[in-house]
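A.B. asks:
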Amino acid sequence: MKSRIILSTLVLLFATVVLSFVLPVAAQDATGNMIPLDHPFAAFLESRAYGASLGATAEFNKMEWVVVDNTNMRLYMAMSDITGAMTDGTGEISVDENRCGIVYYADLAEDYTMSELHPLVIGGGPNNTDDGPNRCDVDSISNPDGVGVDAMGRVWIWEDSGRHHNNMIWVYNPADQSLKRWGYVPAGGEVTGVYIAADGTVFFNVQHPDATNLYPYNAGVVMVVNGFNANTDDFEPIAVPEGDAQLRAGVAAGEIQVIARVGDPIPNSYSGDVFGGIYDVTGSLMFVSNDPDGNMWLPTAEDGSEGWLYTNMETIPGGVGRLYLIKSETGWEVVDGQMVNFSGVNGTWTNCGSSVTPWNTGMTSEEYEPIASDFNNVAGMSEYVGADANPYDYGWLVELSPDGLDDEVTKRFALGRFSHENGTFAADEMTVYHGDDGANVMLFRSVAAEAGDLSTATLYAGKVTQMGGTGAEHYFQIEWIELGTATDADIEAAIRELDR
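In our numbering, the protein residues as written are 128 to 627.
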């Protein structure tokens, strides 16, 4: 998520809970179409407010990515800024403020449920109180935004921080509790899209870097690292960048290859797309996004040497780029690609984090769901569709798979509507844990009715009991509250009834 929109977004997210839970309005009122909480699909259309009405805890700040380590039966979650409702001394959560953030972990039961959430990596305290470039310790995490896991069980942590001059990528080893700096991105940018492929290849991006950085890092880029295997290789930590090194990306091992840069033509695109281009339903270019975010690598070869790379664009309207890559002895070749056409689902919204399903499809995440009480909140989407947009079309996980020259696009309504940072999948191919980004947000879990089929699911929300005090020893006991079971088709029909 982009730092520059956080403050306004947090206000809007808090308003969502207040308007939905305290003063729900009738559908299709004068200013919006927010549903009341007795709507038959309120659990899925206003998931956070409905969960709060049943006693679930809406106090997390600022929840980001989650990832399941299926080998070691653990879940990891990034909480980028421990403040607000988590530290105000009221409610069910009250811990010590930490503006540098915390990465939490949970051990999973055989059925992939979690019952406790514990701190794992705690961000370093401020080492510069004068609003300097590194207000959090440069030798520790600062505002962790994303988490991933490699085959050795190491936890990869990446930053979206204004408290480090250059945002970092870290590797934490639970076996020896070591934390090592693996890489960084240029000034003004945040790290996004870290993806560790099955063969150990590492993809990552820089989002909205400073225009004064060295080329090609003066615009958003997608990168791959050659000569390093994240699933087998160790490394010596890279130093904190100084001088011109602050104006480019760097890694501790291997060599960076830039495979895409926003605004550049996509090779052999049948529609002549530029990478990051946001095109309306008529195919006209609206703007070029400088905000590449989550990556989804879908190999087509068993050895991982070629396949499709999907890359999110975190804007309104949102977008996703699709590139076909082939690996050679010298690096990766971009063969062709395009921007995904979302016109069949009325567009997509603030595409943030991502994941890959166990059945090799991509899952892009619509972050910061629009507040349905005011149609002005979807004015940008109305421009995209060329008609009045419906707020309930946005705020979902969206499944993607290549389909010839185009893509199969499916909004997964049965997984709930909230501020999707990302979803992460358990090995049972049924359980999905969610990151709900923002302030006053909630812990969600979905369980599909059938393995490998997300079209029918039960949504749960977590009720928190805090234990262990307010300091580093605190932890959260989680009780799961069932919100409801529904199908994609039934929820989509309910959304269409709210069209205007």
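Where a beta carbon is used, it is the ideal one built from N, C-alpha and C, also for glycine.
Quantities reported herein were computed from a predicted structural model and do not represent experimental measurements.
Tell me Y560's beta-bridge partners as DSSP assigns them.
C.D. replies: T551, R572.
A.B. asks: Would A516 pass as a contact of V505 if the rule is Cβ separation under 8 Å?
C.D. replies: Cβ atoms of A516 and V505: closer than 8 Å.
A.B. asks: Between the stretch 443-450 and the stretch 461-481, do at least 3 Cβ pairs fall closer than 8 Å?
C.D. replies: Output reads yes: the stretch 461-481 touches the stretch 443-450.
A.B. asks: Three-state secondary structure (DSSP) at M213?
C.D. replies: Helix at M213.
A.B. asks: A205 and N188: beta carbons closer than 8 Å?
C.D. replies: Contact: no.
A.B. asks: Can you give the Cα-Cα distance for E173 and P301, rounded to whole angstroms?
C.D. replies: Distance between the alpha carbons of E173 and P301 is about 37 Å.
A.B. asks: Roughly how many angstroms separate the alpha carbons of A233 and I249, rounded to a whole number?
C.D. replies: Cα-Cα distance, rounded: 15 Å.
A.B. asks: Hey, how far is the Cα of M500 from the Cα of L532?
C.D. replies: The sequence given here has Ser at residue 500, not Met. Answer to the nearest angstrom: the Cα atoms are 38 Å apart.
A.B. asks: Would you kindly report the start and end of the unbroken beta strand (DSSP E) that includes E282?
C.D. replies: The amino acid at residue 282 is misidentified as Glu; the sequence shows Val. Per DSSP, V282 belongs to the beta strand (DSSP E) from 282-286.
A.B. asks: Tell me, which residues are paired with D205 by DSSP?
C.D. replies: In the sequence as displayed, the identity of residue 205 is Ala instead of Asp. Per DSSP, V230.
A.B. asks: How many whole angstroms separate the CB atoms of V348 and V329, which I take to be in contact at a CB cut-off of 8 Å?
C.D. replies: About 14 Å separates the two Cβ atoms, so there is no contact after all.
A.B. asks: Whose CA, out of W424, W459, P364, V568, lies closest to the CA of A325?
C.D. replies: The candidate whose alpha carbon is nearest that of A325 is W424.
A.B. asks: Can you tell me the Cα-Cα spacing of G87 and V591, whole angstroms?
C.D. replies: The structure shown does not extend to residue 87, since the chain is modelled only from 128 through 627, so no value can be given for it.
A.B. asks: When the distance is taken between beta carbons, is E219 closer than 8 Å to E186?
C.D. replies: In this structure, E219 lies closer than 8 Å to E186 by Cβ.
A.B. asks: Run through DSSP, which three-state label would G596 get?
C.D. replies: DSSP places G596 in coil when its eight states are reduced to three.
A.B. asks: Can you give me the C-alpha to C-alpha distance between W297 and G370, rounded to a whole angstrom?
C.D. replies: Taking the straight line from one Cα to the other gives about 21 Å.
A.B. asks: From A169 to N358, what does the alpha carbon distance come to, in whole angstroms?
C.D. replies: If you take the alpha carbons of A169 and N358, they lie about 42 Å apart.
A.B. asks: Quick one: what does DSSP say I249 is sitting in, helix, strand or coil?
C.D. replies: It is a strand residue.
A.B. asks: What are the start and end residues of the alpha helix (DSSP H) that includes M508?
C.D. replies: Looking at the DSSP string, the run of the alpha helix (DSSP H) that includes M508 is 506-512.
A.B. asks: Verify whether the separation of the beta carbon atoms of G611 and L586 is less than 8 Å.
C.D. replies: Yes.
A.B. asks: Going by the DSSP bridge assignment, what does Q384 pair with across the sheet?
C.D. replies: For Q384, which the question treats as bridged, DSSP gives the partners V351.
A.B. asks: Return helix, strand or coil for F362, following the three-state DSSP convention.
C.D. replies: It is coil, neither helix nor strand.
A.B. asks: Give every residue of the same chain whose Cβ lies closer than 7 Å to the Cβ of V389, excluding the five residues on either side of it in the sequence, and list them in chain order.
C.D. replies: Answer for V389: A346, G347, F402, G403, V415, S416, N417, P419, listed in chain order.
A.B. asks: Using CA coordinates, which residue listed in S180, S242, T409, F545 is at the minimum distance from M190?
C.D. replies: Per the Cα distances, F545.
A.B. asks: Alpha carbon to alpha carbon, how far is N332 from V265? Give it in angstroms, no decimals.
C.D. replies: Near 21 Å, if we compare the C-alpha coordinates of N332 and V265.
A.B. asks: Measuring CB atoms only, is the stretch 484-493 touching the stretch 380-389, in the sense that at least three cross pairs come out at less than 8 Å?
C.D. replies: As far as the Cβ criterion goes, the stretch 484-493 does not touch the stretch 380-389, which means the pair count is below three.
A.B. asks: Counting only runs that start and end within the stretch 456-525, where is the beta strand (DSSP E) found for 3 or more residues in a row?
C.D. replies: Whole beta strand (DSSP E) segments, 3+ residues: 459-466, 478-483, 489-493.
A.B. asks: Among S411, M413, Y521, K454, whose alpha-carbon lies nearest the alpha-carbon of T427?
C.D. replies: The shortest Cα separation from T427 among S411, M413, Y521, K454 belongs to K454.
A.B. asks: Hey, quick one: how far does the beta strand (DSSP E) through I393 stretch, first residue to last?
C.D. replies: Careful: I393 lies outside any beta strand (DSSP E) and carries neither H nor E.
A.B. asks: Does DSSP put Q604 in a helix, in a strand, or in coil?
C.D. replies: Three-state DSSP puts Q604 in a strand.
A.B. asks: May I have the straight-line CA-CA distance separating V574 from R539, to the nearest angstrom?
C.D. replies: The alpha-carbon atoms of V574 and R539 are separated by roughly 12 Å.
A.B. asks: Taking only the alpha-carbon atoms, compute the straight-line gap between E245 and N567 and give it to the nearest angstrom.
C.D. replies: Note that residue 245 corresponds to His in the displayed sequence, not to Glu. Distance between the alpha carbons of H245 and N567: 19 Å.
A.B. asks: Excluding five sequence neighbours on each side, which residues of the same chain lie with their C-beta closer than 8 Å to the C-beta of T583?
C.D. replies: Same-chain partners within the cutoff: A541, A575, A576, E577, T612, A613, T614, D615.
A.B. asks: Taking the alpha carbon of N439 as the point to measure from, which residue in A599, S482, A380 has its own alpha carbon closest?
C.D. replies: Ranking A599, S482, A380 by Cα distance to N439 puts S482 first.
A.B. asks: In whole angstroms, what is the alpha-carbon distance linking P392 and Y519?
C.D. replies: The straight-line gap from Cα to Cα measures roughly 33 Å.
A.B. asks: Could you tell me which residues DSSP puts in a beta bridge with E219?
C.D. replies: Looking at the DSSP assignment, E219 forms no beta bridge with any residue, so it has no partner.
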